[in-house]
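Start counting the sequence shown at 1; every next residue gets the next number (UniProt numbering). Structure first, commentary second.
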Amino acid sequence: MLLAGKPKAANSNDIHYPETSTTDKKDEETEINRPWQNDHIQTKRKAELSPELANRSNKLTKTTYAVTTHNRFQDLETENNEGPPEQHKEPKPPKPEPIFVTRVLDIKKLKELLSLITDNNNYTMTTLRSGHIVKIMPADIDTYKSIRANFIEKYVSHYTYKLKSERAYKVVLRGLHSSEDTESIKQELYELGHDVRQITNVRHKVTKQPLPLFFINLESKHNNKEIFNVNLLNHAKISFEAPYKKFDILHCKRCQRFGYAKYQCNRPFRCVKCGDDHASTSCLKRPDTEATCANCQGKHPASYKGCAKYKQYKELLLTKGKSRKTNDNAETIMKQTRHHTIETAQLNNQINHLPLNPNPNIPLTQVTRPLKPNTPYTYAQAARQKDRSIPKTDIKDPNDFVEVLDAMVDKFQNIMTLMVVTWNANGLSEREQELYLFLRTERIDVALIPETRFTQKNVFRLKHCMVYTTNHPSGNSHGGTAIIIKENIKHYFLEEYKTDKIQATSVIILDNKVETTLFAIYFPPRHVTTSEDFKNYFKTLGNRYICGGDWNAKHVFWGSRLTSPRGGQLNLATNDLNLHCVSHGVPTYWPAGPNKKPDLLDFYVIKNIPFSQLDVEESTDLSSDHTPVIVNVHCQVVLIEYPQRMYNHRTDWDEYRAKITKSVNLNSPLNDVNSIETAIESFNRLIHQAAKESTPLLRQKNLNHFSYPKLIKNKEVYEYLDAALQMCLPLKSVSPKETWREISKLQEGKTPGYDLVDAKLLKELPEKDARAFIRRHPPTPVWLSRKTWNYRKIHRITDIISRTLEYKQFCSAVFLDISQAFDRVWHEGLLYKIKKLLPHSFFPILKSYLEGRCFEVKYNNESSPLQKINSGVPQGSILGPVLYLIFIADIPTHEDTITATYADDTALLSFDKDSSTASAKLQAHVFKVENWLDKWRIRVNQGKSVHVTFTLRRETCPPIKLHNEEIPQSEDAKYLGMHLDRRLTWRKHIWTKRKQLDTQLRSMYWLMGRKSNLSHESKIAIYKTILKPIWTYGIQLWALLAIAT
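Laid out in structure tokens, this is it:
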């Protein structure tokens, strides 16, 4: 857009600025001094101020310095006073703020301009990382003001910050009555030496009632902090407090950038609406068109806090440590109780009891109808309708709860109905309890909740329910949707859909092998939504779905009072796509304002679901400004089968032990593998039968007979593994007491296997029958301890490194990272080493422990087919680490190096006075390790492995190669949780532990802080168990360092 009075530039480097008058000499000087800057600043005629406003402005910009005297009520001492004059320390004048000049093309022109304003010794300057912003740091405030005034006069693009001497010192006065006269408060504070700029009484943010709080802005003086010592004012005990600090980012309304205000900015204008180079007040953009951000070019105003540039600037402040904890100032939404008028109640009564259509524009199939006698109904409907009675059943004993429950389930299993409700909660966190009570009372299966107002920090859970949420894409607490579904309904969660115009959450449920998708949707009212937007969204939903929520669309077709533009677009889209809108024709939105009328905004949009399977009804049980809408979908939902249990709280364990003692056979021959498997299976069947007969309330149909998985056996083995075993002493026999002791150590609550025999059933076995279960721990061979060090022996590595540093040598170390160490153990190679190194009596039992193992993946109620495990050792078991140590026990060594291994952490070290010699020794050892890794099929992650040179010199050892690739060199390495740096100063380790401790403390401050209700002993216990181990780990190594470290 071209403006009059602005000549067009000849090229991109020639920058012209606006002129206010062709006869003004100042403008001619401005045009001469402007080729060095690349920012256009529009001139703007300053409005003439009244004398009163002009004097007020001069007072705000005037800087005064207080002079401290011995007694503020006495005059200053003159030179004629006898005695030596007392020396008083005058307060230092405040430092001026820096001035940032933007778009600098030629620094010489800027220096020439500054030389005309002030002396070169009165300022310093530097260039920021961006390269085009010059930071000027004046020496005093007078220099700052002169530079700023000349820059404004000559239209130099720059920005700065408000002077500290001009900023108000803010305090909060607590304890005075709200009716106190503010002028009397000012007078008393003035007598105490504090000048009040402004005082305001605080009112309640909801009720607007005055509170005994006052916000006070003081003039900036050296004695401002003394106000916190004042505890008596106007004959009342009071206290002064610092106000809560808010994490507010300043936004310039002139150039639309962040970090400073418009009063300290002289950069070119940019519009907050369209992003063009003009003032926001002169923008001609229509309100109904989309905005354009001046910072990120997004489809939103420049003041939008969800802007990418705003988030980037906020993260920058957080990383620099300038952020503060924000206070939760979100307004508390008051619960509004809606009272129906007589006319509305009569209308609802007619709709619920008469098969009439109250709105001629609504099809009869879309209005709630009374249930026919032969229409299937739900438990909730049967409980609410008094005229209906549960069908008679043949119950022999009415006092038997199990028999009554079985009869009810058998009668209603063929008329199952899925009850779905949609309800705009207007903030779900505050209505958790009433929603849970509503879901239980009405027996709701699925709840579609729009406008949850959740953020990433919100955690929402309901008992016996699964909760899926979709937040607003900006991350702020507005909009959003959620689906709450019973955990026993088989379903799948789909990917969330969230834009500025639409937020939706979706799940898929199974109905007679037909998938039905449920969507909770919310359309914010402030956006313009066209029929194409609705069509594009509906086309992504699938072939069969129910979409319910707050559409913020009105149309007489689905029962609204009138038709809105969005309602017309939605109706057009549903007609084109052959969709159906389902509602009950009663208002669902009940505004609190007197000028607003109730209307229908919440309804359902369905596809490929017959109307004969739907019944829509209203409810008034929740306290939001929206009422819930319930739809009954007649279908058979697939339920999740929970893990079976062999016992419950009424199991007779004495009878259980007696039955096992009576029927157990301890004389079964155990000659081969088949006989052992047969004995184990028969014993498991005995446990099943005994538990079944000892539990009175165990339902028979839940006791499915277990079956062992068919194991896959490999027929090809090495000849050495098939060779005959040598003669050796057998393993030591296990006594019943040892077996019973091992069984008593089992943890209850663990998931049982296919046989459903868990720790509880084993602990209740008779002691003499516990010998059927043997749990043996093979002893660790002595030769494993030569190279296998635990975390307590890490000081041996530090001793070696410290010795090399003391002798001024080079220590070249390689820390290898084994990729998936426990999961990639070669079974045949492990059995080969077991048979080669251990007594042959261990080989058969360890072979049976490793071979024939299978796994399956289970998600919710679905399981994958069984697959054979061809490698790896069982993790979480006692034998897992021992078997892995056996597998890597023969790692090659070298006479000139040191090898240190613990589990999957391996370190190789060599030291010498010459760096090349140290690396040559280490490279020779790495070659041997490389061949060993290839032989035993062990893979090293070379990207995570590091090579560190420990020395006090500046020289670094030559690189080390593994598989013809250089191992990355680093200044530090992490071994067994300890960070070893180049000079062994432990700086990196201490810094890391401090960060880890700070993060853990912040996450637990709500539990251990001052406002926590926990006892002092509990806080000490939490500290000793969680926080103390973080910083005390390895304290024997770094505790004796210097304080500076």
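Quick reminder that beta carbons are idealized off the backbone N, C-alpha and C, glycines included. Here the structure is a predicted model, which is why all the values come from computation and not from measurement.
Have a look at the options and flag the residue whose alpha-carbon is nearest the alpha-carbon of residue i.
{"i": "residue 1126", "options": "D755, L756, P752, K760", "result": "This structure leaves residue 1126 out entirely; the chain is present only between 1 and 1045."}
{"i": "V631", "options": "L614, Q809, N575", "result": "L614"}
{"i": "L866", "options": "S682, V857, Q1036, A691", "result": "V857"}
{"i": "P94", "options": "D119, T126, V134, S165", "result": "S165"}
{"i": "V946", "options": "L908, R954, D755, A924", "result": "L908"}
{"i": "T517", "options": "G585, I152, V633, R561", "result": "V633"}
{"i": "H894", "options": "Y859, K868, E955, V926", "result": "V926"}
{"i": "H472", "options": "K463, F454, S694, F815", "result": "F454"}
Which residue comes first and which comes last in the beta strand (DSSP E) that contains residue i?
{"i": "residue 1054", "result": "Look at the range of the chain in this structure, 1 to 1045, and you will see that residue 1054 is not part of it."}
{"i": "A900", "result": "898-902"}
{"i": "G829", "result": "Where G829 is concerned, there is no enclosing beta strand (DSSP E), although the alpha helix (DSSP H) it sits in stretches over 827-837."}
{"i": "G275", "result": "It is not in any beta strand (DSSP E) - G275 carries neither H nor E in the DSSP assignment."}
{"i": "P881", "result": "Unbroken run through P881 is the alpha helix (DSSP H), 879-887; no beta strand (DSSP E)."}
{"i": "D905", "result": "905-912"}
{"i": "A139", "result": "Counting along the chain, A139 falls outside any beta strand (DSSP E), and DSSP gives it neither H nor E."}
{"i": "D511", "result": "503-511"}
{"i": "Q198", "result": "196-203"}
{"i": "A1021", "result": "Where A1021 is concerned, there is no enclosing beta strand (DSSP E), although the alpha helix (DSSP H) it sits in stretches over 1016-1022."}
{"i": "P450", "result": "446-450"}
Just to confirm, are residue i and residue j a CB contact at a threshold of 8 Å?
{"i": "G298", "j": "S474", "result": "no"}
{"i": "A903", "j": "D912", "result": "no"}
{"i": "N223", "j": "G193", "result": "yes"}
{"i": "V616", "j": "V629", "result": "yes"}
{"i": "A302", "j": "A308", "result": "no"}
{"i": "C811", "j": "I818", "result": "no"}
{"i": "K535", "j": "A573", "result": "yes"}
{"i": "H251", "j": "F240", "result": "no"}
{"i": "E496", "j": "G479", "result": "no"}
{"i": "M466", "j": "E487", "result": "yes"}
{"i": "K847", "j": "L837", "result": "no"}
{"i": "P212", "j": "L176", "result": "yes"}
{"i": "L762", "j": "I743", "result": "yes"}
When you compare only the Cα positions, how much space is there between residue i and residue j?
{"i": "I502", "j": "P598", "result": "24 Å"}
{"i": "I609", "j": "G568", "result": "23 Å"}
{"i": "F887", "j": "G852", "result": "19 Å"}
{"i": "K928", "j": "L670", "result": "46 Å"}
{"i": "I1035", "j": "Y975", "result": "15 Å"}
{"i": "N702", "j": "A691", "result": "Note on N702: pLDDT 46, under 50, position unreliable in the model; no value is reported."}
{"i": "I1030", "j": "H1016", "result": "21 Å"}
{"i": "I483", "j": "L418", "result": "14 Å"}
{"i": "G83", "j": "K92", "result": "Reliability of the predicted coordinates at G83 is poor, the pLDDT of 46 falling under 50, and the value obtained from them is presented with this limitation in mind. Between G83 and K92, the C-alpha separation is close to 27 Å."}
{"i": "K145", "j": "N122", "result": "12 Å"}
{"i": "K993", "j": "V940", "result": "28 Å"}
{"i": "R267", "j": "S184", "result": "43 Å"}
{"i": "C957", "j": "S915", "result": "5 Å"}
{"i": "E112", "j": "N120", "result": "10 Å"}
{"i": "A821", "j": "I938", "result": "8 Å"}
{"i": "I199", "j": "K1011", "result": "30 Å"}
With a cut-off of 8 Å on the beta carbons, I'd call residue i and residue j a contact; round off their distance for me.
{"i": "I1022", "j": "L1007", "result": "7 Å"}
{"i": "E99", "j": "H158", "result": "It should be pointed out that residue 99 corresponds to Ile in this sequence rather than to Glu. That belief holds up - the Cβ atoms of I99 and H158 are roughly 6 Å apart, short of 8 Å."}
{"i": "K135", "j": "M125", "result": "6 Å"}
{"i": "I606", "j": "H580", "result": "5 Å"}
{"i": "S871", "j": "D823", "result": "7 Å"}
{"i": "C296", "j": "K285", "result": "About 18 Å; that fails the 8 Å criterion."}
Looking at the secondary structure, which residues open and close the alpha helix (DSSP H) in which residue i lies?
{"i": "H925", "result": "915-935"}
{"i": "Y975", "result": "Here Y975 belongs to no alpha helix (DSSP H); instead the beta strand (DSSP E) covers 972-975."}
{"i": "R796", "result": "794-806"}
{"i": "P844", "result": "843-850"}
{"i": "F534", "result": "531-538"}
{"i": "Y436", "result": "432-442"}
{"i": "A482", "result": "Not the alpha helix (DSSP H): A482 falls in the beta strand (DSSP E), residues 481-486."}
{"i": "L816", "result": "Not the alpha helix (DSSP H): L816 falls in the beta strand (DSSP E), residues 810-817."}
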